[in-house]
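Heads up: the sequence shown begins at 4 in the working numbering, then just goes up one per residue. Even for Gly, the Cβ is constructed at its ideal location relative to N, Cα and C.
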Amino acid sequence: MTAHEHQAWSSGTYAQAMHVPQHGLSLRDAEGWHFPLDLERWCARADEADRTVLRRCTGRVLDIGCGAGRLVEALTGRGRRQVLGIDVCPSAVITTVCRGGSAMSRSVFDPLPDEGRWGTALLIDGNIGIGGDPRRLLRRVRNLVHREGLLLVEVASTDVDERRRVRIHAGQRPVSAVFPWATVGAAALNRQAALEGWTEVERWSSAGGRHFVALRACR
Ligand SMILES: C[S@@+](CC[C@H](N)C(=O)[O-])C[C@H]1O[C@@H](n2cnc3c(N)ncnc32)[C@H](O)[C@@H]1O
4 MTAHEHQAWS SGTYAQAMHV PQHGLSLRDA EGWHFPLDLE RWCARADEAD
54 RTVLRRCTGR VLDIGCGAGR LVEALTGRGR RQVLGIDVCP SAVITTVCRG
104 GSAMSRSVFD PLPDEGRWGT ALLIDGNIGI GGDPRRLLRR VRNLVHREGL
154 LLVEVASTDV DERRRVRIHA GQRPVSAVFP WATVGAAALN RQAALEGWTE
204 VERWSSAGGR HFVALRACR
């Protein structure tokens, strides 16, 4: 993880928005592409679309890029004991812990607890884009879950497979340095996951137009 990437998420406008949710944050690139950072929804409770993900979690759950922690909160609230959020943004970790969850300030590429023993890993809210190289991320997560572990991924609504150089923006104003990000649709995810030890077991869409894929570790 580059210093720019780390700093973009761990300090400044995004980190502050964890405590005072701010409207209008997004990831944007030089070509006009943008991805809203929906802090209002992320700082709220898990919604019905999120619950379609939570219902599919099995075993110990690792929420990668947990942000404000609504999924960790919801799983913990359901009495699941072994749920951990990781995020490079210390404010996100504090927010998740204040919501009654467990969280650590770590990059997914750092050494993590219980590697190879997680039952389910989550990459929600576009987090398959972390690091800008989905194959590298899928390979890393493959080593975090146990041999029949599950990975639940939120994917783009269209059949895209894109690598971008983005900045966090507040409205039109860039508030971070440039860092890599990626977006993938279900088909592209399936292709890349198959090369990294995963097999697709389910695809579903929720009300409100969010799209998810379930991958099972296969070797
Ligand atoms: C698109 S946001 C999703 C936010 C989140 N799911 C939520 O509910 O608030 C991406 C999140 O991933 C975190 N992140 C970025 N790179 C990371 C990395 N290498 N390891 C762990 N977390 C990372 C960011 O700090 C940010 O909270």
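Selection Leu78, Ala197 and Leu74 evaluated against Cys221 yields Ala197 as nearest (Cα-Cα). Nearest neighbour of Arg219 by Cα position, chosen from Gly72, Val156 and Thr161, turns out to be Val156.
Exposed is the label assigned to Arg150, since fewer than 16 other Cβ atoms lie within 10 Å of its Cβ.
In this structure, DSSP gives Met4 a state outside helix and strand, which the three-state scheme calls coil. Of all alpha-carbon atoms in Gly152, His214 and Arg73, the one lying nearest the alpha-carbon of Val96 is that of Arg73.
Runs of the alpha helix (DSSP H) lying entirely within the stretch 97–150 and spanning at least 4 residues, in chain order: 137–145. With 16 or more neighbouring CB atoms inside 10 Å of its own CB, Thr98 falls in the buried class. For Thr55, there is no enclosing beta strand (DSSP E); the residue is part of the alpha helix (DSSP H) that begins and ends at Glu51 to Leu57. Between the beta-carbon of Cys92 and that of Met4 there is about 12 Å, and that puts the pair past the 8 Å contact cut. The stretch 30–37 makes no contact with the stretch 198–218: fewer than 3 CB pairs, one atom from each, lie closer than 8 Å. The C-alpha of Asn130 is placed about 14 Å away from the C-alpha of Asp164. Just so you know, the alpha carbons of Phe112 and Arg143 end up roughly 7 Å apart. Residue nearest to Gly122 within the set Arg31, Glu43, Arg63 and Leu40 is Arg63 (criterion: CA-CA distance). In the same chain as Leu42, and ignoring 5 residues on each side of it, the C-beta atoms closer than 8 Å to its own belong to Ala20, Met21, Pro24, Gln25, His26, Leu28 and Ala71, in chain order. A distance below 8 Å separates the beta carbons of Val187 and Pro137.
Within a 10 Å sphere around the beta-carbon of Ser94 sit 16 or more other beta-carbons, which makes this residue buried. Residue environment: Thr79 is assigned as buried (16 or more neighbouring CB atoms within 10 Å of its CB, all protein chains considered). Taking a contact as a CB-CB distance under 8 Å, the pair Gly132 and Trp184 counts as one, their CB atoms being some 4 Å apart. Rounded to the nearest whole angstrom, the C-alpha separation of Leu40 and Asn193 is 25 Å.
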